[in-house]
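*Asks:*
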Amino acid sequence: MPQLSGGRDCLKKTELAVTGMDCASCAVLLTKSLSKAPGVKTARVNFASGRASVEYDEKLTNSEKLIGVVKARGYRASIAGDLDREQKLRAEQINGLRKLLVFSAIFSMPALLIGMFLMEFPHRTLVLFALATPVQFIAGARFYKGLWAALKNRSADMDSLVAIGTSAAYFYSVAAVLGVVGEQYFETSTVLITLVLFGKYLEAIARGKVSEAIRELFKLTPKTARVIRNNYEHVIPADQVQKGDVILVKPGEKIPVDGVVLNGGSSVDESMVTGESIPVEKTKGSKVIGGTINKHGAFRFKATKVGFETVLAQIVKLVEEAQSSKAPIQRFADQVSAHFVPAVILISITTFIAWYLLGAGVSFALMTAVSVLVIACPCALGLATPTAIMVGTGIGAKKGILIKNAEALETMHKLKYVVFDKTGTITEGKPRVTDVVPLSNLSQKQVLAYVAALEKQSEHPLADAIVKEAEEKKLALPRVTNFKSIPGKGVEAILLGKHVVFGSSRLAQERKTFGKNASATARKLEEEGKTVIVLSIAGKEAGLIAVADTLKDTAQLAVTELRQLGIEAVIISGDNSRTTAAIAARAGIKKFFAEVLPSEKAAHVKKLQAKGTGVGMVGDGVNDAPALAQADVGFALRSGTDVAVEAGSVVLMKNDPMDVPRCIRLGRATMGKIHQNMFWALIYNAVGIPIAAGVLYPFTGWLLSPMIAGGAMALSSVSVVTNSLSLRLIKL
């Protein structure tokens, strides 16, 4: 690995769009070339997506030099991100293949007819020579270019196999024209090139369909925006909108960027971004997402995020990164692909020598050697994993499930536990005050006012509910000094000259301010599934406040679905055991962890992992981030904090618990396709190469002709891509 001049601050990451790769070996060898380039820390090339992800020291190299490395291997490259340009390049590649295919077919079809059936055709050998030569050196020029680039880099790829195989058949046939040998195989070399081009053409079309999800996401971005400047409406390109601009959106129009509604109201269809089919009502203060569609009313909003900062742009970035990432199972395919082509060439040479020494003759030995070269297909193995990953992540994105990396998708099938943080994930996260119970000479209003004064300083999820209740009752809040938060337990401060503590039953017990009256009342409320917080003044119990949260509508169904998948749902909560048990019972969950401090959540996930099982974690808060990172798969809710979303390996755009079993089902289906693809690719080569080498010939008389071998090779990679595309038929 090249030495870097600086630390992480010098590192930069870039994505390159690469065209011209013909097989998985190309991607493996290009990865090696980029990795060896000065200043490069890591390089990863995805054959299926045509993307190269490179992390490098910008003091030692830059994107232009990296593009130069790619071009030196015989491929075309550009900075990724311009989807229109990438689509144009892909279209040019497909059109180029189509033209070559038609050109090759025009010459190879008559050659096949004359070579196989018209034995008495006038000047047959010379005609076949005339037909085969343009195919060999014009249609087949791409394979010679690939072979030359490979030789310069002391490597070999699929182009090498095709170029060597067809050249052997062609030049042997030229020798026949010159009278050196008796038989010619011009039809073999021409048809082989045509079949390989046909396979490449179909593969290019199929690979284009694999990346449709990204293109569909880009299409969501509107082209123009109605910006209000100096009280006048101006229609400008959407990419020219700046933060702070006021934008008018009329019924039926797309919202150009992210922002906050200033006035007016409407319902907005956010299904294309979040997957939620029901339109969302928007009023003053509501957040709107760029790319979504305004349904009925007109409104004005202030732009808060533009360009690459918008939710849609971030979704596209996450999907692109996921589709370019490699699943652990891909390492095996890469290792095989790296040694595959040299091994095949060695087998081909061995086959020729073996048959020649056995007295089969040069012609027979040559045809078996050519069959070995052209039947071998590293592409099928190289496409097995990335095409399935690309289709799987694309499906997830359409359903509002953003899978950040391929490893998460692969790990899904290993999960045996899914741990739900209680508040905001299994419940709505919109708590409300249900009971205010004075335990001294204070009134209900005084208890609520004292507690609201304390909670106004707090960031706890329940604090907003208590403050909101006091504001609705228009209570005057006393002044608070010396405020201090007790992590995971409560708060304390000086209020009206007295030391006041407001926190969990656990904190009250530790401070010995939890008397019998408070304990009995709290137990009753907790058994109803309410969260009880205790107020103490000057070391004595003063009151209780109970807060309740509503179970999400789909929570129980999600737990049932997980159980059907063989996965046990678990609740983890900072609440006491009675409240947590009540919520768990409503959701149909048997196992739960209660009175867990934020710092302890990751430890509980680790304990479950210690059983040798895969564990998923569903959370939305800052205190869930360590547990999300610790879990084998972290499911973060979009409504949660940026820290949680960053820590999770999956982002649930709809904040719906049902998306957890849907995501796991998608992961299992994707892994199923990968295993099918890998099995087919390995079996195809393991069976096809020996048959092409003629191992069955002494026993059965069966011999695979080079043309049949070439056709099988052409269709093998197409079948793998088609199998991956069939993922789109699954129901989540």
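Each residue of the sequence shown is one higher than the one before, starting from 4 at the first, in our numbering.
Glycine is no exception: its CB is placed at the ideal position from the N, C-alpha and C atoms.
(1) Please confirm whether residue 404 has its beta-carbon closer than 7 angstroms to some beta-carbon of chain C.
(2) Less than 8 angstroms between C-beta atoms, sequence neighbours within five positions excluded: which residues of the same chain meet that for residue 692?
(3) State whether the region 118 to 138 contacts the region 149 to 157, with contact taken as three or more CB pairs (one from each stretch) at a distance under 8 angstroms.
(4) In terms of alpha-carbon separation, which member of 69, 62 and 114 lies closest to residue 56?
(5) Go through its chain and collect everything with a Cβ distance to residue 160's Cβ below 8 angstroms, but skip five positions before and after it.
(6) Closest to residue 449 by C-alpha separation, out of 416, 369, 285 and 498, would be which residue?
(7) Is residue 461 closer than 7 angstroms to residue 494 when the C-beta atoms are compared?
(8) Helix, strand or coil for residue 659, going by three-state DSSP, please let me know.
(9) Secondary structure at residue 688, three-state DSSP: helix, strand or coil?
(10) Pick helix, strand or coil for residue 15, following the three-state DSSP scheme.
(11) Give, in chain order, every unbroken run of the alpha helix (DSSP H) that is at least 4 residues long and sits entirely within the region 529 to 596.
(12) Pick out whichever of 732, 729, 695 and 727 has its Cα sitting closest to the Cα of residue 355.
(13) Does the separation of the CB atoms of residue 608 and residue 538 fall below 7 angstroms?
(14) What residues are listed by DSSP as bridge partners for residue 237?
(15) Please state whether the Cβ-Cβ distance between residue 384 and residue 712 is less than 7 angstroms.
(16) Hey, could you find the ends of the beta strand (DSSP E) residue 618 is sitting in?
(17) If you run the structure through DSSP and keep just helix, strand and coil, what is residue 733?
(18) Specify whether the region 396 to 405 and the region 657 to 667 touch according to this definition: at least 3 beta carbon pairs, one from each stretch, less than 8 angstroms apart.
(19) Could you please give the first and the last residue of the uninterrupted alpha helix (DSSP H) stretch that includes residue 173?
(20) Starting from the C-beta of residue 534, find all residues in its chain whose C-beta is less than 6 angstroms away, skip the five residues before and the five after it, and write them out in chain order.
(21) Please confirm whether residue 587 and residue 595 have their CB atoms less than 7 angstroms apart.
(22) At the level of alpha carbons, what is the spacing between residue 182 and residue 366?
(23) In the structure shown, what three-state DSSP assignment does residue 654 receive?
(24) What's the C-alpha gap between residue 267 and residue 660?
(25) Look up residue 494 in the DSSP assignment and say whether it is helix, strand or coil.
(26) Once DSSP output is grouped into helix, strand and coil, what is the label at residue 638?
(27) Residues in the same chain with beta-carbon distance under 6 angstroms from residue 681, minus the five sequence neighbours each way, listed in chain order, please.
(28) What residue from 658, 172, 151 and 174 has the CA that sits closest to residue 163's CA?
(29) Comparing C-alpha positions only, which one of 603, 634 and 627 sits nearest to residue 618?
(30) With a CB to CB cut of under 6 angstroms and the five nearest residues on each side skipped, what residues in its chain are close to residue 165?
(31) Determine the closest residue to residue 631 out of 321, 545 and 575, with distance taken between C-alpha atoms.
(32) Counting pairs of beta carbons, one from the region 462 to 479 and one from the region 560 to 568, are three or more of them closer than 8 angstroms?
(33) Can you tell which of 706, 251 and 222 has its C-alpha closest to the C-alpha of residue 235?
(34) Can the beta-carbon of residue 469 be found closer than 7 angstroms to that of residue 436?
(35) State yes or no: is the C-beta of residue 259 within less than 7 angstroms of the C-beta of residue 282?
(36) Going by the DSSP bridge assignment, what does residue 58 pair with across the sheet?
*Replies:* Considering the structure as presented:
(1) Note that chain C does not occur in the displayed structure, where there is just one protein chain.
(2) 347, 350, 375, 378 and 379
(3) no
(4) 69
(5) 25, 26, 28, 29, 32, 149, 153, 344 and 381
(6) 498
(7) yes
(8) coil
(9) helix
(10) strand
(11) 558 to 567 and 580 to 590
(12) 695
(13) no
(14) 230
(15) no
(16) 617 to 622
(17) coil
(18) yes
(19) 161 to 180
(20) Cβ contact annotation for residue 534 (same chain, cutoff 6 angstroms, sequence separation greater than five): 550, 578 and 582, in chain order.
(21) yes
(22) Straight-line Cα distance between these residues: approximately 14 angstroms.
(23) strand
(24) 32 angstroms
(25) strand
(26) strand
(27) 387
(28) 151
(29) 634
(30) 146 and 199
(31) Nearest option by C-alpha distance: 575.
(32) Output reads no: the region 560 to 568 does not touch the region 462 to 479.
(33) 251
(34) yes
(35) No. Outside cutoff.
(36) According to DSSP, which records beta bridges pairwise, residue 58 is partnered with 16 and 45.
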